[in-house]
Amino acid sequence: MAHLTAIQTQNLLPIPNPSLIVPPQDANHFAVYHLQTMGLINLQNSCCLNSLTFFCHRMNLTNLLPTNNEMVQQNSYISLCFSEVFRALPSAAPFGLEIVIRVWNFNKPGQPITPNEDIYGLSDLFFDTLLLPAQPNGDPVITEFLASYHCGGCGYQDQNLTHWIGMSHLKLPGLDVPRRPDPVPVGELLTALITTPFNVQCMMCGNRQAIGSYQVRRGLFTVVRLNRLNVGDWRNQVLTRLDDTRTQGIGDQYLGTLIGVVSHQGNPQGGHYIAYSRVNNQWHLNSDAAHVRQVGYHPFNPTNQNETVGLLVYKNN
Ligand SMILES: [Zn+2]
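Pasting the structure below:
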């Protein structure tokens with residue numbers, strides 16, 4: 000890639016060639032041998048980015064990215080770089096994502112990937128950055144949470160907004176995890192998000208209290224971020240476990256089959272990110288460059304008491 004020669008990458012380990020094991024067109028046909036068996040090397044605490052990469056690999060995003068030419072035309076060298084990484088998986092040996100970080104930081108100097116990223120922020124930025132064009136039938140790849148609002152001040156109404164003033168996220172709204180003794184169903188959290196009005200700043204009169212609500216467009220996948228720091232203090236991290244029981248709420252309409260999870264072990268000041276992939280109804284754990292291994296528990300019910308779920312992906316068909 001000519002672009003890479005402009006960035007100082009000559010001393011970095013390359014991204015391996017495309018994998019000889021080509022994952023299937025459809026993520027439903029993903030098999031255990033498609034997993035990144037050898038893992039990814041941790042470089043400067045990159046376990047968050049590594050885990051996000053395992054997560055995207057399980058989603059099989061390779062087939063959903065635009066062509067190389069389209070990515071170049073849209074100046075999305077970050078998408079191009081991740082495309083190379085996804086095509087390299089599964090690789091014969093573990094490798095590191097140093098080039099990805101270098102390309103990202105060259106292209107997004109205002110939003111760099113730094114050591115010790117948190118999955119809550121990184122996943123939102125990542126899915127806002129990666130080019131994932133809509134399917135031929137118009138369905139988005141990732142379920143979209145668009146806004147509509149009505150201004151009580153001037154009467155203005157607007158809808159189908161991907162961005163609005165006062166937006167609290169880039170692409171993936173966060174689900175606030177409540178502090179409570181019992182596990183909380185993910186559907187309940189998503190229903191609460193969809194049915195709770197929020198404030199939008201009216202673009203006509205500037206009123207900050209226009210009443211917004213979400214219009215959800217179901218995609219091939221629904222990616223869900225869990226906010227466990229909703230009081231803004233890491234010592235108050237919410238440890239409530241998740242429950243995969245179905246609810247009757249509207250949120251469950253957007254939650255198909257859970258196929259991938261990123262979890263965090265430790266406390267928010269320090270710890271480690273890991274990724275779980277569901278294949279053939281069994282869960283498999285990737286942790287940096289450790290060999291992938293099957294685990295006997297559901298990631299919502301880990302054996303490690305200090306482990307919390309931070310990011311989920313559901314496949315919707
Ligand atoms: Zn107004």
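Quick note on numbering: numbering that gives the first Met the number 0 labels position 100 of the sequence shown as 99, and the sequence is numbered without any gaps. Note that beta-carbon positions come from the ideal geometry of N, C-alpha and C, so glycine has one too.
First and last residue of the beta strand (DSSP E) that includes W163? Here W163 belongs to no beta strand (DSSP E), and DSSP marks it neither H nor E.
Alpha-carbon to alpha-carbon, C153 and Q264: 49 Å
Taking the beta strand (DSSP E) that N266 falls in, what are its first and last residues? 256-266
Figure out for me which residue from L284, T307, Q268 has the closest Cα to the Cα of N115. Q268
Beta-carbon proximity check, C204 vs Y275, cutoff 8 Å: no
Check whether the Cβ atoms of G165 and Q200 lie closer than 8 Å to each other. yes
Use the C-beta contact count for S82: other C-beta atoms within 10 angstroms, 16 or more gives buried, fewer gives exposed. buried
Indicate, with yes or no, if ligand 1 has a heavy atom lying under 7 Å from the CB of A209. yes
Using only the alpha-carbon positions, how far apart do E69 and L60 sit? 16 Å
Just the residues with CB closer than 5 Å to a heavy atom of ligand 1, in chain order, which are they? C150, G152, C153, Y155, C201, M203, C204, N206
By Cβ distance, which residues of its chain are closer than 7 Å to L257, with the 5 residues on each side in sequence left out? D243, R277, L311, Y313
Give me whichever residues DSSP pairs with S78 in a beta bridge. DSSP output for S78 lists no bridge partner at all.
Given this structure, state the Cα-to-Cα distance separating N41 from A30, to the nearest angstrom. 25 Å
Since Q281 contacts L219 with CB under 8 Å, what's their CB separation in whole angstroms? Not quite, the Cβ-Cβ distance comes to about 22 Å (not below 8 Å), so this is no contact.
Delimiting residues of the beta strand (DSSP E) encompassing I193: Looking at the DSSP string, I193 is not in any beta strand (DSSP E); the run it does join, the alpha helix (DSSP H), is 185-194.
Member of R217, P108, P89 whose CA lies at the smallest distance from the CA of H56: P89
Residues in its own chain within less than 7 Å of F53 by CB, not counting five upstream and five downstream? Q35, A274, S276, N285
Can you find the residues in the same chain that come closer than 8 Å, C-beta to C-beta, to L121, ignoring five residues on each side of it along the sequence? C47, L48, L51, I112
If I'm right that S167 touches L129 with Cβ under 8 Å, what's the distance once you round it to whole angstroms? In fact, because the Cβ distance is near 20 Å, the residues do not count as touching under 8 Å.
Enumerated in chain order, which unbroken segments of the alpha helix (DSSP H) with a length of 4 residues or greater are wholly contained in the segment 89-130? 97-106, 118-128
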